[in-house]
Every structure is written in structure tokens, then in C-alpha cells.
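Taking it in order: structure first as C-alpha cells, then the write-up.
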Amino acid sequence: MRLPAMSIGYAIPSTDFDANIHSVFSNAVNLKPANKDLLLTVVVADEADLPQGIRVNSPDDFSFEQLIIGRNVFCRDNILFFENSAMSVDFYQSRRWQCDLSVLGTDLTNPVVTEIWRHVWKLLNERQVHLGAEIGAEALLHSDGNKQSAISCRMGEAIRSLIGVTRNYRLDDLSALAHLIGLGTGLTPCGDDFLVGYLAGLWCTLRDHVERRQFVSDLGQAIIHRSGRTKDISRTYLYHAAYGQVSSHLHSLAEAISKPESQAMLQSIAESAMHSGHTSGMDAVTGLLFGLATWEDDSILAIG
Numbered sequence: 469m470r471l472p473a474m475s476i477g478y479a480i481p482s483t484d485f486d487a488n489i490h491s492v493f494s495n496a497v498n499l500k501p502a503n504k505d506l507l508l509t510v511v512v513a514d515e516a517d518l519p520q521g522i523r524v525n526s527p528d529d530f531s532f533e534q535l536i537i538g539r540n541v542f543c544r545d546n547i548l549f550f551e552n553s554a555m556s557v558d559f560y561q562s563r564r565w566q567c568d569l570s571v572l573g574t575d576l577t578n579p580v581v582t583e584i585w586r587h588v589w590k591l592l593n594e595r596q597v598h599l600g601a602e603i604g605a606e607a608l609l610h611s612d613g614n615k616q617s618a619i620s621c622r623m624g625e626a627i628r629s630l631i632g633v634t635r636n637y638r639l640d641d642l643s644a645l646a647h648l649i650g651l652g653t654g655l656t657p658c659g660d661d662f663l664v665g666y667l668a669g670l671w672c673t674l675r676d677h678v679e680r681r682q683f684v685s686d687l688g689q690a691i692i693h694r695s696g697r698t699k700d701i702s703r704t705y706l707y708h709a710a711y712g713q714v715s716s717h718l719h720s721l722a723e724a725i726s727k728p729e730s731q732a733m734l735q736s737i738a739e740s741a742m743h744s745g746h747t748s749g750m751d752a753v754t755g756l757l758f759g760l761a762t763w764e765d766d767s768i769l770a771i772g
């Protein structure tokens with residue numbers, strides 16, 4: 469079966485490469501290129517475009533679980549072959565996926581944009597409460613941990629510290645990163661997912677501020693430097709977020725907040741971003757909303 473690629477991320481090599489299968493799921497397979505640390509990911513049609521992704525036009529009932537971890541993968545002349553498998557992926561008709569968050573120029577001093585941000589904030593918190601999520605965006609703002617899980621308390625303390633560091637444009641105390649990177653369970657821990665969204669939010673609000681651009685660049689490099697403490701999949705997302713590259717779902721939500729959309733469209737875009745993974749989408753959206761608001765009016769993120 470030859471599957472046509474619909475999109476390939478900016479991080480997919482433009483030349484032949486070798487890899488092996490790192491991990492397999494029904495909707496995705498992760499590849500580890502030879503002599504490289506960062507993963508590449510092949511996903512089914514209804515998943516998001518990814519910086520490191522190859523999104524294929526797959527049948528509705530398709531699953532990657534036929535593939536075996538450790539087997540070799542070869543890309544030759546824009547076709548990806550899987551060892552001992554009839555499946556291959558054809559890159560010829562694909563488009564390159566790459567986003568530029570910095571052009572959005574999100575401005576939460578604009579009342580219309582602030583209203584949209586608050587609407588998404590409300591949707592996020594309602595969903596987190598409804599699902600009984602371990603992490604709640606509103607709770608992360610407050611130091612009263614009586615009703616919070618241990619992870620939520622640790623995460624909230626680190627996030628409040630990170631916001632202070634960001635607002636002061638100072639990277640002399642990065643203990644918050646040590647607490648956030650790798651914090652939580654799963655293949656992409658909640659602390660990492662938050663940081664991916666947070667970086668995305670900061671990239672969106674650079675506008676013409678040279679100091680902001682320098683800070684987010686330096687913060688991204690600090691996160692990359694410390695990302696060895698987390699898992700392979702999560703480390704890959706952190707690396708790309710450091711350069712302002714995130715999934716199409718997260719980018720679409722950032723764009724919808726920055727450029728007013730109809731209420732129905734906004735809700736649909738927000739739901740798509742929050743539904744990614746078990747809680748990863750909600751955690752990344754939490755980070756995005758924090759990042760969008762950190763450099764704006766302090767009353768939007770009222771820390772207490």
C-alpha cells in the first residue's frame with residue numbers, strides 16, 4: 469500500500485535518509501533518524517500537521533500498528549519505505565508545513581482580542597473541570613494548594629516563577645525549567661506540553677519588541693539545553709517550539725485568538741487544539757494562553 473503524503477513538516481529532510489521505528493500507535497509512528505536525537509512522525513489524515521510530521525492520506529480504518537518497533541525505514545527519491553512491510557509513503561504531491569507565529573503580533577491590550585482570549589480561557593477551564601483533569605489552568609495561578617494535586621501544586625509554583633522571570637526579561641534563575649521539564653506522566657508530560665504552548669504564546673506576542681525576541685530565543689535555547697531530562701517524543705516538540713514551530717492545531721488557535729473569528733469557528737478551532745492526546749492538548753493550550761498574556765496587562769493573569 470502506497471500512501472500519498474498530504475504535508476511534510478519543515479524538519480523532514482529534503483534528501484534521502486535512513487531511520488528506524490521508535491514507537492508505534494494506531495494513528496502515528498515515530499521514526500528515529502540515524503545519528504540524530506530528534507524524532508520524525510508519520511500521522512494519519514485527521515491528525516494535525518507537525519513541524520516534524522508526515523501527514524498521510526490514509527483510509528478511515530487505517531492503523532500503523534502493523535509496523536514493528538526497531539525495524540528499518542528508508543527514504544529514497546521522496547518515497548519512504550518500511551522494512552518487511554508493503555506500506556510506503558510518497559512525498560511527491562505533499563506541501564511543506566511551517567508556521568510563523570511571530571507574524572501574528574497578538575495584542576491583548578486590544579479589548580476584542582482580550583475578549584476572545586477570555587472566551588477560550590473559559591472553554592479550557594470548563595473542559596478541564598468536566599474531565600477531572602489533574603491540571604486546571606485557573607488553579608495554576610494561585611498558591612493555595614489545598615484542593616490541588618501534588619503535580620498541580622508543583623507545576624503552579626514553577627509557572628508563577630517562570631512568568632516572573634519572563635516579565636523581568638531575566639534568565640538568571642531558571643529553576644522553574646528544572647521543575648517543569650519532564651514533570652508528569654505519559655509520553656509528553658504535562659510540564660513539557662505547557663512549555664510548548666508557553667513558547668508558542670510568547671512567539672505570538674513579539675511584535676516590534678527587540679527585547680522580547682531576544683528573551684524568547686534565549687529561553688528556547690535554555691529549554692533545549694535541559695530537554696535531555698525528558699522523553700524522546702516530548703523533547704522533539706520542545707525543540708521545535710523553541711524555534712516557534714508547533715502543530716497546525718495550536719497555530720490555528722493562536723491565529724484565531726489574534727485575528728477575531730466567528731464564535732462558532734473559534735469554538736471548533738479551540739476544541740480541535742484541546743482534544744489532542746489524552747490531556748496534552750489541554751496542557752499545551754494552557755501554556756499558549758499563559759504565554760499570550762504574560763507580557764500584557766497583569767490583570768489578565770492575576771497571580772495570587
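Start counting at 1 in the sequence shown, then tack on 468, and there's your number in the working numbering. Beta carbons are placed, not taken as given, at the ideal position from N, Cα and C, and that holds for glycine. Quick caveat, the model's predicted, so the values are computed rather than measured.
Given this structure, state the Cα-to-Cα distance separating residue i from residue j, to the nearest angstrom.
i, j, result
"Leu507", "Ser629", "30 Å"
"Phe532", "Phe493", "6 Å"
"Phe758", "Leu769", "7 Å"
"Glu606", "Leu760", "15 Å"
"Thr704", "Asn498", "11 Å"
"Ala690", "Leu706", "11 Å"
"Gly665", "Pro579", "22 Å"
Apart from the five residues on each side of it in sequence, which residues of its chain come closer than 7 Å, Cβ to Cβ, to residue i?
i, result
"Lys699", "Leu655"
"Val581", "Thr574, Asp575, Ile725 and Ser726"
Taking 8 Å as the threshold (C-beta atoms), are residue j and residue i in contact?
i, j, result
"Asp517", "Arg523", "yes"
"Ile627", "Ser695", "no"
"Asp514", "Gly712", "no"
"Ala710", "Leu756", "no"
"Ser475", "Arg563", "yes"
"His708", "Gln520", "yes"
"Leu667", "Val684", "yes"
"Ala473", "Val557", "yes"
"Ala496", "Thr509", "yes"
"Lys504", "His490", "no"
"Leu687", "Arg680", "no"
Just mark residue i as buried or exposed, buried being the case when its beta carbon has 16 or more other beta carbons within 10 Å.
i, result
"Ile725", "buried"
"Thr574", "buried"
"Pro527", "exposed"
"Asp486", "exposed"
Given residue i, which residues of its chain have a CB within under 6 Å of its CB, disregarding the five upstream and five downstream residues?
i, result
"His797", "The structure shown has nothing for residue 797, since the chain only spans 469 to 772."
"Thr634", "Thr762"
"Leu608", "Gly624 and Ile627"
Residue i and residue j look like a contact to me (Cβ under 8 Å); what is the Cβ gap, rounded to whole Å?
i, j, result
"Ile701", "Cys658", "So it is not a contact: roughly 14 Å between Cβ atoms."
"Met742", "Met750", "5 Å"
Compute the minimum distance between the beta carbon of residue i and the heavy atoms of the ligand ZN, and state whether it is under 7 Å.
i, result
"Lys699", "With respect to small molecules bound, the structure shown includes none, and the ligand ZN cannot be examined in it."
So, for residue i: in the same chain, excluding its five sequence neighbours on each side, which residues have a beta-carbon less than 8 Å away from its beta-carbon?
i, result
"Arg622", "His647 and Leu651"
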